[in-house]
Amino acid sequence: MGKYNFVAGLALLFVITNAKSVFAESVDKDAVWHAVHNNSFRTAEEIKRDKYRNPEQVLRFFEINEASSVGEVAPGGGWYTHILAPLLKEKGRYVGLQHNPAYYGKWPEWAKKLSAYPEKIKNEQELYGNNAIGTWLPAVEGLPVEAASLDFVFITRTMHNWQNQGRLENGLKQSWQILKNNGVLAIVQHREDESSNSDREASSKRGRWKQSDLISVIESFGFKLVASSEMNSNLKDTKNYEKGVWTLPPSLALKEKDKDVYTEIGESDRMTLKFIKVSS
């Protein structure tokens, strides 16, 4: 009888342990995990930056999942696009909110590329699926997408551009309009020291914002800060560089000059802020 109980106990322990393992895998390796860690659209160079940008933690912090509707502002080279688009293409909706070509008349080649952005998304269904769209924010007339249609507007390292280009007001107004009530404005932004003597204009030209100032500005457009995180902070970033944030990786604007020094510092110190749209 004792031997039977021992064997039965081992069997029960195996079942419990295996069940725990399966449960843990179902939690840890969900759609967000696969979008970040098991995703053929991501390049090796993009993956190298994960240690600075923490994409899985960022998505979980903002609570973006495979069923979300997400507008990504200024997709750029597609670093986050290559995570978001595959994540959302089956159950959610990806909306690329690119720079508006109407503002780039002085740069015709760049304007031409921006104008082709919606068609680019249509032609890359393997990445985007058939529910994604590409458009521009801020729109010159009307809104880039239907009012109150998005769960998230996701803005990474772009607020300084809006400030520098005079599009901050329209960008935030239209972001508020296209979000659902209680929708999330998700911000990751290069950070300026609170003790800096630089005003907003000077800081933005270096690619940065003071966190307190950015929160104040965003809340003045009908948003409420509900959470912040230091997951993207970098205490090595001294913020006093010849070429602003672009001195650091991945830009390395000074090329070979002190490259080892800036590579050791890593990417910039960043704030991670979660706002919700307050009902009008």
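Count the sequence shown with mature numbering (1 follows the signal peptide of the UniProt record, and there is no 0) and you get residues -24 to -1, 1 to 256, in order. C-beta atoms are modelled at their ideal positions from N, C-alpha and C, and glycine is treated no differently.
Is the beta carbon of residue i sitting closer than 8 Å to the one on residue j?
i: P114; j: I154; result: no
i: V34; j: V202; result: no
i: F128; j: V49; result: no
i: L64; j: E42; result: yes
i: A167; j: D245; result: Note that residue 167 is Arg in the sequence shown, not Ala. Closer than 8 Å, so yes.
Residue i: which of the options sits nearest, CA to CA?
i: K186; options: V193, D169, I194 and A178; result: D169
i: K27; options: A78, Y217, V71 and N210; result: N210
i: H58; options: V8, R36, I252 and F38; result: V8
i: E243; options: E206, V221 and M135; result: V221
i: D6; options: K250, H166 and E32; result: E32
i: K219; options: Y238, A162 and V49; result: Y238
i: I23; options: G54, V49 and K96; result: G54
i: R25; options: K253, S227, K149 and E66; result: S227
i: L73; options: G81, A229 and P51; result: P51
i: K250; options: I241, E232, V160 and E195; result: V160
i: N157; options: K200, G183, I194 and R167; result: K200
i: T19; options: V116, V46 and Y56; result: Y56
i: K212; options: E240, Y79 and V254; result: E240
I'd like the span of the beta strand (DSSP E) that includes residue i, first residue to last.
i: R184; result: R184 -> no beta strand (DSSP E), and no H or E assigned at all.
i: G159; result: L155 to E168
i: V129; result: L126 to T132
i: I109; result: I109 to W112
Mind checking which residues open and close the alpha helix (DSSP H) that includes residue i?
i: D245; result: No alpha helix (DSSP H) holds D245; DSSP gives it neither H nor E.
i: I97; result: Y93 to N99
i: K233; result: Segment: none, K233 is in no alpha helix (DSSP H) and carries neither H nor E.
| request: Evaluate contact between the stretch 129 to 145 and the stretch 167 to 182, counting only Cβ atoms and requiring at least three cross-stretch pairs below 8 Å. | output: yes
| field | Sequence ranges, alpha helix (DSSP H) only - wholly within the stretch 50 to 88, length at least 4 | value | 57 to 64
| said: Tell me whether the stretch 12 to 25 and the stretch 189 to 198 touch, counting them as touching only if at least three CB pairs, one residue from each stretch, are closer than 8 Å. | reply: no
| query | For the stretch 78 to 91 against the stretch 127 to 137, are there 3 or more C-beta pairs whose distance is under 8 Å? | reply | no
| What are the start and end residues of each continuous beta strand (DSSP E) run of 3 or more residues lying completely inside the stretch 182 to 214, in chain order? | 199 to 205
| task | Determine contact between the stretch 142 to 162 and the stretch 58 to 70, defined as no fewer than three beta-carbon pairs at a distance below 8 Å. | result | no
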